[in-house]
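Notes for the one structure printed next.
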Amino acid sequence: MIRIAHLSAMLIFFSLNSIVNAVASGYKATEEDFVRWENAWDSLIPPGTYDFVPKDFHFELLFNPTFQSQLDEAGKVIDPSLEGQSVEIAGFMVPIEVRGEKVSQFLLVPEAGQCIHVPPPPLNQTLLVDTTTAPTPLRDLYQPIIVSGRLSVGSQSFDIADSGYSLVASEITTLNLGEDMIPVVPGADGDR
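Each residue of the sequence shown is one higher than the one before, counting from 70 in our numbering.
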């Protein structure tokens with residue numbers, strides 16, 4: 070049956086898939102890329118974290134205060150065994166430290182518009198990315214990027230959101246959108 074973690078993973082996959090399929094130039098993602106990136110986000114959630122979600126899950130359960138509290142607590146669970154592991158993960162930049170057109174610190178989130186137009190993702194689905202030694206160009210809110218580096222485990226708080234993991238970026242790749250592509254925040258308007 071559907072579990073919240075699998076539902077989130079599907080949303081991430083289809084969000085990235087719909088955006089990256091419109092790539093006019095630059096990196097052309099493959100099906101294997103999408104699987105790898107989906108697995109990278111999934112690996113940030115410790116096994117068993119969402120086992121409380123019933124097998125007969127129904128939408129109305131999201132409005133139950135007790136269930137919502139359980140979801141909130143599950144989103145704070147991070148996996149200490151990931152310390153020092155190399156990761157390549159695709160997502161969207163939410164700038165934290167900006168000087169001119171360069172970003173030295175940002176949050177990487179799985180979907181466009183998170184932290185800005187919709188509530189922030191859970192702690193275990195938010196990465197703090199440090200580019201202090203080599204600031205990276207500021208990207209559009211809806212511009213997908215791929216970040217590589219080594220994970221550090223530990224929560225940090227910011228005005229806009231909290232992160233459960235951080236990494237010093239060894240590489241950041243922009244997935245270029247075609248000029249005719251109008252980015253849409255998945256689920257923001259209820260039509261997607």
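Just so it is clear, CB atoms sit at the ideal spot from N, CA and C, and this is done for glycine as well.
Bear in mind the structure is a predicted one, so any value in this text is a computation, not a measurement.
Among L177, L192, V178, S226, which has the Cα closest to the Cα of A143? Comparing Cα positions, the closest option is L192.
E166, buried or exposed, once every other Cβ within 10 Å from all chains shown has been counted against 16: Its Cβ having fewer than 16 others within 10 Å, E166 is exposed.
Using the beta-carbon count (16 or more within 10 Å), is P179 buried or exposed? Its Cβ being crowded by 16 or more others within 10 Å, P179 is buried.
Rounded to whole angstroms, what is the Cα-Cα separation between L130 and P189? The alpha-carbon of L130 is positioned some 20 Å away from that of P189.
May I ask you to list the residues that DSSP assigns as paired with F175? Partner(s): P164, V198.
Hey, L207 and P164: beta-carbon distance below 8 Å or not? Cβ distance < 8 Å, so L207 and P164 count as in contact.
Residues bridged to I229 by DSSP? I229 is not bridged to any residue.
Go to T135, then tell me how far its alpha helix (DSSP H) extends in each direction, as first and last residue. Segment 134-143, the alpha helix (DSSP H) holding T135.
Using a 10 Å radius around the Cβ and a threshold of 16 neighbouring Cβ atoms, would you call Q137 buried or exposed? Exposed is the call here.
Is it true that the CB of A230 sits closer than 8 Å to the CB of L210? Going by beta carbons, L210 and A230 fall outside the 8 Å limit.
How is L244 classed by DSSP in three states: helix, strand or coil? L244 sits in coil when the DSSP states are folded into three classes, being neither helix nor strand.
Using the beta-carbon count (16 or more within 10 Å), is P123 buried or exposed? P123 comes out exposed.
Helix, strand or coil for S94? Go by DSSP, reduced to three states. Bear in mind that the predicted position of S94 carries a pLDDT of just 39, short of 50, making it unreliable; the figure below should be weighed with that in mind. The answer is coil: DSSP assigns S94 none of H, G, I, E or B.
Three-way DSSP call (helix, strand, coil) for V222 in this model: Residue state, collapsed to three classes: strand.
Looking at C-alpha atoms only, which residue of A159, D111, E152 is the closest neighbour of T242? Here the closest residue by C-alpha is A159.
Between I147 and V222, how many whole angstroms is the CB-CB distance? I'm expecting something under 8 Å. Indeed, because the Cβ distance is near 6 Å, the residues count as touching under 8 Å.
Looking at the secondary structure, which residues open and close the alpha helix (DSSP H) in which F103 lies? Per DSSP, F103 belongs to the alpha helix (DSSP H) from 100-112.
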